[in-house]
Each structure stands twice: as C-alpha cells, then as structure tokens.
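Written below as structure tokens is the structure these notes are about.
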Amino acid sequence: MTDQTPVLRLEDIVKTFPGVRALDGVSFSVLPGEVHALMGENGAGKSTLMKVLGGILQPNEGRIFIEEEPTVMTTPVQAKAKGVVFIHQELSLADELTVAENIWLGELPLKSFGRVNWAKLYEDTNAILKTLNVGFDAKTRVGDLSIANQQMVEIARALTVDPKAVIFDEPTASLTDAEKVVLFDVISDLQSKGVGIIYISHRMEEIFKITDRISVLRDGQYRGTLNTRETDEEEVTKLMIGRSLDLSRNESHHEMGDVALEVRGLSCGKLYQDVSFNVRKGEVLGFYGLVGAGRTEIAETLFGLRDPSAGQILLNGQEVRIKSPIDAIANGISLVPEDRKGQGLVLGMNCRDNMTLPQVDDLTAGPFVSDGAEIAIFDQYRDKLDIRTPGWRQTVGNLSGGNQQKIVIGKWLSMRPEVLIVDEPTRGIDVGSKSEIHNLIRDLAAQGYAVIVISSEMPEVLHVSDRIVAMYSGKVMREFTSDEVTEDSLIQAISGITADKVA
Amino acid sequence: MAELTKQGIGRVLAKQGILIAFVVFMIGFALANPRFIAVDNISGVIRSSAILGVMALGVTFVVIGGNLDLSVGSMMSFSTIVVLDLHDKIGPTLAIPAMFGLTLGLGAFIGFLVGYLKLNSLIVTLGMLSAIHGLTLTWSGGQNMDIADKSGTWFSVFGQGNIAGVPVPILIFAGLAIVLSLILSKTPFGRKVYAVGGNGKAATFSGIPRARIVFLTYLISSFCVACAGLLQASRSLGSQNTVGQGLELEVLAAVILGGASLLGGSGTIFKTVIGVLILGFIQNGLLLMGLAFYVQYVVTWVIIILAVWLDIAAKRGRLLSQIA
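Heads up: the protein sequence lines correspond to chains S and F, in order.
For the first sequence, the numbering used here begins at 1 and goes up steadily by one.
For the second sequence, the numbering used here begins at 1001 and goes up steadily by one.
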C-alpha cells in the first residue's frame, strides 16, 4: 500500500470564511484503485473541501498534489482537464438535448465551418456508454431517461477525459436498490482501471459495502482515516459525532389508546389498491417499501391531496371525507412531506412564520397577526424540539437539514394533530440529527399521538415502529409487529416474494 | 477585521441599497439644479407619480404572490374612459361605483384564469392587455371621451383638489399605501401572499388555498387600477383611449426597482413606494437638466438594469460570477 503513488493528495488545507474556519488543516490521500469514503455531518466541511478540490474556492493554506505534482486548481474546467472529475448530487443536464449532446456540451467535435461532426459525436458517445453497460444510446433525449440513467449520463460525462480521481457526491440519494447495483458495478469498473474514487455519502450500508478506507471530518477538522475492513458503524459514527448512534430495534412499548385512524379498502387508480390498516393513539406505524410502492401516495390521499377511487377513511371511528389539505388539517391529520425544501418550507421566510403558517388565521389580535402569539408558539416548539437557530428572524433556508425538519415537525405539532404522518423523516439529514428526530418520533407516540412513519431505510423503520406495514407495487403485502419482524421477512415482503408464495 | 467591516457594509447595501440609491440620486440632482428640491417641485413630482404609484401598489401584491400583471395599463384606460362616459350619462355619484364594479370584474376574471385555472400569468395578462384595449375602444367607439360641463362638476376633486393644502391624489396614494402596507405586512392574508409566492407547493401543503389567494391579489390589483383611473379621469376630465398605454411596464419597473423578486415571495409596499418615487424624481430631474422627455425612457431602462444587477451582485457578494 505504502509504495503506491496517491492519485490525489491534500496537505493541511485551511479555508477560512469571515469568522469561521471551515477547513482546519485537512489532509488525506486517495490511492489508485481505491474507493475512499469521505464522511461527516452536514456542516463538517465536506462540501467546502470538494469546492477547494474542484477549483471553485481557493484554500488559504495547504497544497493539493495530483500524482505527487503540486497543483493549483483555479476553475472546474481546469480540474477536469487534470483528471479530477465530479459527479454531483444534483444533476445538471439539459432535458431537451440528447445524451451525446449533454456529454460533450461545450466541447462538441467539429468539422469545417464550425459544423458539428455528428457521426463522431455519436460514435464516441456510444463507445463510452458501452463501457457503462447502459440500456440507452447516444441519441436518446435526456428528459426521457430515469433519474438513475441520467446519473449514468453524468458519469459518462466524467469519462470523456482520462480520469485520475472521480468524486461521487451522494450518488445514491435518488436511486432504487436495483439502480444502486448498476452504479456500484460502474464504480468497481473504474476501480479496476486504477482510478481513485472519493465517495461521499451518509448511508452506512453503502460505505461498508463498497469502500476501502473512510476519512472523517468533524467541524472542519480531519478526524482520522479508518480501514473499512477493520472498523464498524459504531466507530465511524463516534468519530463523526463524538458519540454513538442508537439504531437498535424498537423495544419500548407504552400504553396504547383507541384506534385513531382506520383505512378500509382504500384505492387510488393504479397508484395503490385495496389498502387497509389502522393506527392507535400512542403507536408508531411504519410504512416500508421501495420507491414507487405507493406509500407517499397513501399519505397524500389522507392529507387531501389526492382523491381516492374507492375505500373509506375513519377518524376515531367516524367516517370522514377529506377533499383538501384544509379538510385534513381540520380533522386533525398532519403531513410532514418527503420533500422538505419543495413541499415543507418556504425557504425565504423566517423560522417563526414558517412554523405558524397553517394556523396564522387563528393567531390574530383584531385584523392583524399577533406577533406575541406567534413568538410564543415558536419559542415553545424551539425549546421542545431543541431547534438550533439564532432566533425566529433567521431565514429557514440558512438552517441545517435537521433543524429545517424540526421546523416542519414543529409546524404540525403546534396544530395539536390527532394523526401525524411523517414521510421520510431523515432524508438528507446528518447522522447526529437523525437520532434526535428518531427520539422525537418515539416521544410523540409516548405522548399519545398516532404517528405514521414512511421510510425507505430499514434500520430507521425497525428503530421507530411499533408495527410495520410492508408494501409492494401499490399493495399491502404484510403487517408485522416489532416482535415478529426480521430483516429477511421484511425484504421478502417488499420485493413481492410473499405474494408469489401466496399466489 | 477589515474583511468583517467590508462584509457589514455589503450587508447594509444589500438590504437598504434602494434607499441609499434614492438619497444619492436626490443629492446629485439637487447639486445640479437647486430648484429640484424646492417644496413645490417635490410636491408636483409626487402628485404626478400618484397614478403610477397607486397601480404599483396593487401590482406589488400580484408580484409577491408569484405572478405578473401586464394588463394594468390597458385596464386603467378602460376605467378612465368608462367613468368619463358614465359621468354625463348617469352622474358621477353612480358612475364611480359602476366603474369600480366593472374594473373589479375584469380583475376577478384574470384572477380566475390565473388562480383557479392555473394559466400562466404572463400569457393571460398580456392577452388581457390587448383584449381590454379592444373593449375600451368598443365602449368609446374609438372617440376621445370628454365631460361636457368641465367647470361645473365636483368630480374634479379627486385629481385637482386640495385638502389642507395637500393635493388629493397624494392623499389617496398615501392612504392606499398605508392601508395596503398594513394588509400585506400585518394580516394573515398578507402572510399567505408571501407563502404562495415564496413556495406555492409548501403553501398548499400547509393548507393555504393557493387559488383563492392568487385570485385576491388580482382583485386588489384591479381595485388599485380603478383608483388610478378615477384620478386620471378627474385630473383631465377628458381622455384618449390610450391614456394608460405603456404604464404596465413603468409600474413593473417601479415594483422591481423597489426590490420585489419577479419569482415572488419578496418585496414590500414601502419599497415599491420608494421605487415609484425614484422613477418620478429621475424623470423630473432629467427634465430640469434640460433633457428632452424621451431621453427618460432610455435612462429609466438603464436604471432598472443597474438596480437588478446590483441586487443580484449584493446577494452573491461579487459583481460578476460564472455560477448564477
């Protein structure tokens, strides 16, 4: 190991912003053919480090070496020319252009008089696509591809140069399990060609599956590098947050009350069919399944955003008709949506206004909104949920993901709902805040709320739920209590295997 | 430390840039021509800005709600022609409410199309710009509209009167600005306008009836247009069919100059008023400097581009950037 030349080496990188040392003496190296995980909570300095590497930011101190050659990165284009390529979490593709045009955008092969050499363009593109083993060709319109395939286009774009180091930033955030397998194949392919890979992710399972070494940042400081084979999740977590994360099976069972919400034979066209379940006061009901299994759509129906084609919804034994979110809120059903930034928050608004938004009509003194009533609610839930913000005037967009999620949860708790639905409670949230949100969900149930948690992460579902509903392709496959569930039976249920056996 | 101070100044500029620009303009013009800051000149500028200003107040609601309104100029022509025509036919006491009713009807129609049918506001109001113009011409038969007995009507009080020495148009502009500012900044409805414009989806997910809020912003806009039409008709007591032509862009310019984002979710009535006054004083200042009035069209455009550019630059912390 020691005699190999690192493809990329960082030495004592320091980057300061006014009042903050965002990076404080970070050093690490990537060897050829290695997958090197970079981990840290949100705000630990990962993205700043990547911006330094990509030439978007200049470090105040420290040096970057590519194959032991000292290098100064000034622009992203230059970084790419030197063989350092980024696969960003957020895709930056032009939907209306073809795969080939997207890959070679800005450097299309030309013939005389500046005409595009289409033949060469398609030929070169198909050659790259072939190495990636994808099921589409150079002439496909990017907008027609799935998210996973669009990500493949991003990767193909990286392969137009001879990459020395490829940096993947949360590449699996929007991929299904099957799509992840393809991505991991591509990564191991790059690996075998001697490319060094930096892999940024919050997902422990992946990190342990595909990486060789793990480097951890905390508060802008380098906390050490571990060999993946010689460590475990607990050690990594400790390094990241300075304490360990509890993801054991849920074993606390408190007193449960009456059935708060019951759903009978609910269907919504092709999205889901004949769904029945109930949730009691004081209970956390987990919904587990693959993306597209219909879980979010059920939540949206309960919240009045979709019209069911059949079935009944009963609240405290009474049938209710929910035609709009206004009806749902009036009936005591609240939804913390899966897309926090797109659906949960008005990012440009301050913390207080976001939190009181659904009830602003009721917080008036005369014709005007009562400042005092609003601040009282904000203060109460800031303390209750331990929301860390300089004050209520802070713009929500400036908060960390975990604190943003707590604002959304606070927004609904302050409405005192009967049923709280939380869709993907910890998506894109760092590991420290994750356990806080998990504890919060358990606490809410203990206080007598009926809580429905929808999640794509098995450890999360197992950790928070009293009962788990497994869904596959729009149908409820099985219901488990937390005592009887096993990881194997759960995976079988959400893959539709139980259905085959029954059939 | 030096870096920190620099950042502090940047933040003040970003927040109060429009106000600072306003003061700088005023000082500059005052130095060039002392008559510029004479009380009667200032009062005159505000009075002539009142019509534009009243319309800009309404459009501020529409823009904060995340939409555009390009129909206000043409709608103002309509209100003016209608109230002048009805003045002689049914008398001013009935003509005024009738005109308000008809104008609000147009606003409600636009609000229905944009809010409830969710059609693109640019397309709808651009179409309404020409449709309402056609409606106005149909109403007037293409003729200029004049009040027969110009000296004998009390109708002129809105555009020409004074109360305690203050011109009535200024009072109406100021009164509307205060009321609408309170509605926007202090009431639940105002909060919802910001939410709908800032993130319509999140507003829906919070149980806010997005369609109704958008509808109401257009109703407010058309109410302001009706007020502007009343001021215009009362000031001149006669009018062409095209009296409001082109005003929609000046109104939008004032709103943007005030710092409201065209993407919705930000802006205030106070800033819009400043935007209106800047436009008014610049036009006046250029005239006092002896420039032909048509120069102002070009200068106005340059100022808007500068304002928008500085606004973006202040937000991203530098004048030029590769990444928007």
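Cβ atoms here follow ideal geometry from the backbone N, Cα and C, with glycine treated the same way.
DSSP beta-bridge partners for residue i?
i	result
glutamate 283 (chain S)	For glutamate 283 (chain S), which the question treats as bridged, DSSP gives no partner whatsoever.
lysine 15 (chain S)	S:Leu23
leucine 78 (chain S)	The sequence as given places glutamine at residue 78 (chain S); leucine does not occur at that position. Its beta-bridge partners do not exist; DSSP assigns none.
aspartate 169 (chain S)	S:Ile200
leucine 1262 (chain F)	Answer is none; leucine 1262 (chain F) lacks a bridge partner.
glutamine 221 (chain S)	S:Arg218
asparagine 278 (chain S)	S:Glu262
tyrosine 272 (chain S)	S:Cys268
isoleucine 494 (chain S)	According to DSSP, which records beta bridges pairwise, isoleucine 494 (chain S) is partnered with nothing at all.
glycine 1238 (chain F)	F:Asp1146
In three-state DSSP terms, what is residue i?
i	result
serine 1140 (chain F)	helix
alanine 37 (chain S)	strand
serine 192 (chain S)	helix
valine 336 (chain S)	strand
lysine 475 (chain S)	strand
serine 1043 (chain F)	helix
tyrosine 288 (chain S)	strand
threonine 228 (chain S)	helix
glutamate 319 (chain S)	strand
aspartate 1146 (chain F)	strand
serine 1130 (chain F)	helix
alanine 1202 (chain F)	helix
tyrosine 1294 (chain F)	coil
glutamate 262 (chain S)	strand
valine 30 (chain S)	strand
valine 469 (chain S)	strand
leucine 1057 (chain F)	helix
asparagine 439 (chain S)	helix
Cβ atoms of residue j and residue i: under 8 angstroms apart, would you say?
i	j	result
serine 435 (chain S)	glycine 401 (chain S)	no
glycine 1219 (chain F)	leucine 1104 (chain F)	According to the sequence provided, residue 1219 (chain F) is leucine. The question's glycine does not apply to it. Contact: yes.
serine 267 (chain S)	alanine 310 (chain S)	yes
leucine 1171 (chain F)	isoleucine 1269 (chain F)	no
valine 1083 (chain F)	alanine 1228 (chain F)	no
isoleucine 103 (chain S)	alanine 156 (chain S)	yes
threonine 125 (chain S)	valine 99 (chain S)	yes
asparagine 403 (chain S)	isoleucine 421 (chain S)	no
glutamate 34 (chain S)	glycine 196 (chain S)	yes
valine 408 (chain S)	arginine 340 (chain S)	yes
lysine 323 (chain S)	proline 358 (chain S)	no
phenylalanine 1281 (chain F)	valine 1059 (chain F)	no
proline 325 (chain S)	glycine 344 (chain S)	no
leucine 347 (chain S)	asparagine 1199 (chain F)	yes
glycine 332 (chain S)	tyrosine 472 (chain S)	no
glycine 25 (chain S)	glutamine 221 (chain S)	yes
glycine 286 (chain S)	valine 469 (chain S)	yes
valine 1168 (chain F)	glycine 1161 (chain F)	yes
methionine 152 (chain S)	leucine 121 (chain S)	no
Here's the rule I'm using: 16 or more other beta-carbon atoms within 10 Å means buried, otherwise exposed. How should residue i be labelled?
i	result
asparagine 439 (chain S)	exposed
alanine 1324 (chain F)	Unreliable placement is indicated for alanine 1324 (chain F), whose pLDDT of 42 sits below 50; no coordinate value is reported for it.
proline 367 (chain S)	exposed
aspartate 483 (chain S)	exposed
lysine 15 (chain S)	buried
asparagine 1241 (chain F)	buried
threonine 481 (chain S)	exposed
leucine 1263 (chain F)	exposed
valine 1325 (chain F)	Only positions 1001 to 1324 of chain F appear in the structure, and residue 1325 (chain F) is not among them; the question remains open.
isoleucine 1304 (chain F)	buried
valine 1243 (chain F)	buried
Span of the alpha helix (DSSP H) holding residue i?
i	result
proline 1092 (chain F)	1092-1111
Over what stretch of residues does the beta strand (DSSP E) that includes residue i continue unbroken?
i	result
proline 70 (chain S)	69-71
isoleucine 421 (chain S)	419-423
glutamate 107 (chain S)	That residue, glutamate 107 (chain S), is in no beta strand (DSSP E); it is neither H nor E in DSSP.
valine 453 (chain S)	450-455
isoleucine 214 (chain S)	213-218
isoleucine 1278 (chain F)	That residue, isoleucine 1278 (chain F), is in no beta strand (DSSP E); its alpha helix (DSSP H) goes 1269-1288.
glycine 402 (chain S)	Element bounds for glycine 402 (chain S): not the beta strand (DSSP E) but the alpha helix (DSSP H), 401-413.
phenylalanine 65 (chain S)	61-66
valine 85 (chain S)	84-87
Run the proximity test for residue i: is its beta-carbon closer than 7 angstroms to any non-hydrogen atom belonging to the ligand COA?
i	result
threonine 1138 (chain F)	With respect to the ligand COA, the structure offers nothing, as it holds no ligand at all.
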